[in-house]
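Notes to accompany the following structure.
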Amino acid sequence: MNLISVEELKALVQQSAGLCVSIYMPVAQGTEIQQNPIRFKNLIREAEDKIVEYGFDKKEAGELLDPVRAEAAIKFLLI
133 MNLISVEELK ALVQQSAGLC VSIYMPVAQG TEIQQNPIRF KNLIREAEDK
183 IVEYGFDKKE AGELLDPVRA EAAIKFLLI
């Protein structure tokens with residue numbers, strides 16, 4: 133498991149004001165590992181819904197999370 137470093141945490145804290153999104157998901161091991169991509173996609177969808185509730189339109193929310201989706205595609209081979 134990759135833990136967040138002190139430097140990464142400092143960089144996050146120093147971000148300018150505005151919308152920030154954090155997605156945290158403990159990953160399953162063993163036979164449950166196949167559920168990880170599905171759980172992560174669901175969390176991305178949930179984050180998008182929360183962003184819309186915050187006042188952004190659906191397109192803006194989607195664009196904000198596009199880099200997360202791209203990273204998930206690489207990590208979980210969701211291509």
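Residue numbering for the sequence shown follows this note's numbering, beginning at 133 and increasing consecutively. For each residue, glycine too, the CB sits at the ideal point set by N, CA and C.
| Item | Value |
| --- | --- |
| Pick from Tyr-156, Val-138, Ser-137 and Gln-147 that is closest to Asn-174, judged by C-alpha positions | Tyr-156 |
| At least three beta-carbon pairs within less than 8 Å, the region 184 to 197 to the region 157 to 173 | no |
| Same chain only: Cβ atoms within 7 Å of Arg-171, ignoring 5 sequence neighbours per side | Met-157 |
| Rounded C-alpha distance that separates Glu-185 from Ile-176 | 14 Å |
| Proximity of Val-153 and Ala-179 at Cβ, strictly below 8 Å | yes |
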